[in-house]
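Note that the working numbering gives residue 22 to position 22 of the sequence shown, counting from 1, and the numbers run on in steps of one.
Where is the CB? At the ideal position from N, CA and C, for every residue including glycine.
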Amino acid sequence: MFIEIMTFLRRYGSAAAAGLSLSALTMAAGASADAGADSRAFDVVPLGVAGGVVEGSTTAWYIARKGQEQGLACDAGTLVPGIRVAIAKGGFPAGTRAGEVLHRRIGAYLVTHPHLDHVAGLVMVSPDDSAKPILALPEVNAALAADYFNWSAWPNMGDRGRPPLLARYHYQDLDPVAAPVPVAATGLTVTAFPLSHGGALSTAFLIRAGEQALLCMGDTGPDAVEHSTRLDALWQAVAPLVRAGHLRAIIVETSYPDPRKDAELFGHLTPRWLHRELARLAQLSGGTGAMKGLPVVIGHIKPSVDGDPAIASTITRQLAEGDGPPVRYVIAEQGAALAF
1 MFIEIMTFLR
11 RYGSAAAAGL
21 SLSALTMAAG
31 ASADAGADSR
41 AFDVVPLGVA
51 GGVVEGSTTA
61 WYIARKGQEQ
71 GLACDAGTLV
81 PGIRVAIAKG
91 GFPAGTRAGE
101 VLHRRIGAYL
111 VTHPHLDHVA
121 GLVMVSPDDS
131 AKPILALPEV
141 NAALAADYFN
151 WSAWPNMGDR
161 GRPPLLARYH
171 YQDLDPVAAP
181 VPVAATGLTV
191 TAFPLSHGGA
201 LSTAFLIRAG
211 EQALLCMGDT
221 GPDAVEHSTR
231 LDALWQAVAP
241 LVRAGHLRAI
251 IVETSYPDPR
261 KDAELFGHLT
271 PRWLHRELAR
281 LAQLSGGTGA
291 MKGLPVVIGH
301 IKPSVDGDPA
311 IASTITRQLA
321 EGDGPPVRYV
331 IAEQGAALAF
């Protein structure tokens, strides 16, 4: 099993990495070197990677078609703090200002679900944002209008709900599992797939740049625990892309390390459950060989209040040592740009 270790080393040091096998480290280097820059289809900048607690780094992903200046944000738990971190780390071109990213480079929002750690940045920045659409399942957009942009929690920056409508944001409802919908001025299209998150509705967005695709998943529990078939339906939909070599990466949560009781998952994944779900995708894709080296970007790790690095280091080790398909796990670091 491959694992991208550079971010892990920067964050936790060589001593913390000692639990990972030498073969895992060697394969990680090979997997990184094999990816040719000319073949990459997507630029990804993690603006927020935490699953709560850390207000300045909750879930948000900037995603753009390679070579395009305007992209989108998949979730927006944090925006300006994450943008500033990304600029400092070289995640955006030298000289880029935070306002340029917010107002021009982020041309739309995809919202997986309306929990605060996925939308707080969007709500807070809205008075200073530029006009743009929010693309989401109808139930998610309805919750944003009813619970946040309602003149009680916050002024109504949307174009529906309680008047007056300031209409900074246009709610664009996505039909689930429908034909790809263009995201204006980005060169990208998106299809929404429902997920189950502890009984709440969440979303996976299949983002396409021509024939190439990237899957950005919101919070989700495993089907077996959620008593759902939504993940299986998603895997069936993306398996043909895996077989064709067109799925460039999967962005997915791994909130807790193992062991953790199923009753205490609260609609999230652990390494053990992620391995099982990816094994199902491999089965539908024709076997584990089809997924060899596929980048799987890990986010939404739930930190402790005291910032204990053992949580993330344990998840990293368990991902590397598990029996899932031979994918390449990438532990996302806030502000550190990725390309797939």
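Short Cβ contact (8 Å threshold) for Arg-65 with Phe-42: The residue you call residue 65 lines up with position 65 of the sequence shown. The residue you call residue 42 lines up with position 42 of the sequence shown. Their beta carbons are under 8 Å apart, which means Arg-65 touches Phe-42 by this criterion.
Inter-stretch contact (C-beta, 8 Å, three-pair minimum) for the segment 140-147 and the segment 178-189: no
Assigned exposure category for Val-305 - 16 Cβ within 10 Å defines buried: Here the question's residue 305 lines up with position 305 in the sequence shown. Looking at its Cβ environment, which holds fewer than 16 other Cβ atoms inside 10 Å, Val-305 is exposed.
Boundaries (first-last residue) of the alpha helix (DSSP H) holding Ala-224: Taking the first residue of the sequence shown as 1, we reach residue 224 at position 224. Segment 223-226, the alpha helix (DSSP H) holding Ala-224.
Inter-stretch contact (C-beta, 8 Å, three-pair minimum) for the segment 242-250 and the segment 200-220: yes
CA-to-CA distance, Gly-52 to Thr-58, given in whole angstroms: Counted from its first residue, the sequence shown places residue 58 at position 58. Counted from its first residue, the sequence shown places residue 52 at position 52. Computed Cα separation, rounded: 6 Å.
Alpha-carbon to alpha-carbon, Pro-163 and Asp-173: Along the sequence shown, read from residue 1 onward, the residue named residue 173 stands at position 173. Along the sequence shown, read from residue 1 onward, the residue named residue 163 stands at position 163. Spanning the two alpha carbons is a distance of roughly 20 Å.
Inter-stretch contact (C-beta, 8 Å, three-pair minimum) for the segment 225-240 and the segment 147-163: no
Exposure label - Glu-264; buried when at least 16 CB within 10 Å: Residue 264 sits at position 264 when you count from the first residue of the sequence shown. With fewer than 16 Cβ atoms within 10 Å of its Cβ, Glu-264 is classed as exposed.
Secondary structure, beta strand (DSSP E): runs of 3+ residues fully inside the segment 263-338: 295-299 and 328-331
Residue nearest to Gly-221 in terms of C-alpha spacing, selected from Gln-318, Arg-104 and Lys-261: Taking the sequence shown and counting its residues from 1, the one referred to as residue 221 is at position 221. That would be Lys-261, whose Cα lies nearest to the Cα of Gly-221.
Rounded separation between Ala-339 and Gly-299 - CA only: As a working note, residue 339 is residue 339 in the sequence shown. As a working note, residue 299 is residue 299 in the sequence shown. Cα to Cα, Ala-339 sits roughly 16 Å from Gly-299.
When Pro-155, Arg-208, Ala-136 and Gly-82 are compared against Leu-110, the one with the closest alpha-carbon: Here the question's residue 110 lines up with position 110 in the sequence shown. Selected option, being the one with the closest Cα: Ala-136.
Gln-70, DSSP secondary structure in three states: Here residue 70 corresponds to residue number 70 of the sequence shown, with the count starting at 1. Coil.
Contacting residues, own chain, Cβ-Cβ under 6 Å from Gly-322 (five flanking each side not counted): Locating residue 322 in the sequence shown gives position 322, where the first residue counts as 1. Counting only Cβ-Cβ distances below 6 Å, and skipping sequence neighbours, we find Pro-271 and His-275.
With 16 other Cβ atoms within 10 Å as the buried cut-off, status of Ala-244: Stepping through the sequence shown from its first residue, residue 244 is reached at position 244. Burial call: exposed.
8 Å Cβ cutoff met for Val-85 and Pro-303: Against the sequence shown, residue 85 aligns to sequence position 85. Against the sequence shown, residue 303 aligns to sequence position 303. No; because the gap between Cβ atoms is not below 8 Å, this pair is not in contact.
Own chain, CB closer than 7 Å to Ala-282, minus 5 neighbours either side, in chain order: The sequence position of residue 282 within the sequence shown is 282, counting from 1. Only Thr-288, Ala-290, Met-291 and Pro-325 meet the Cβ criterion.
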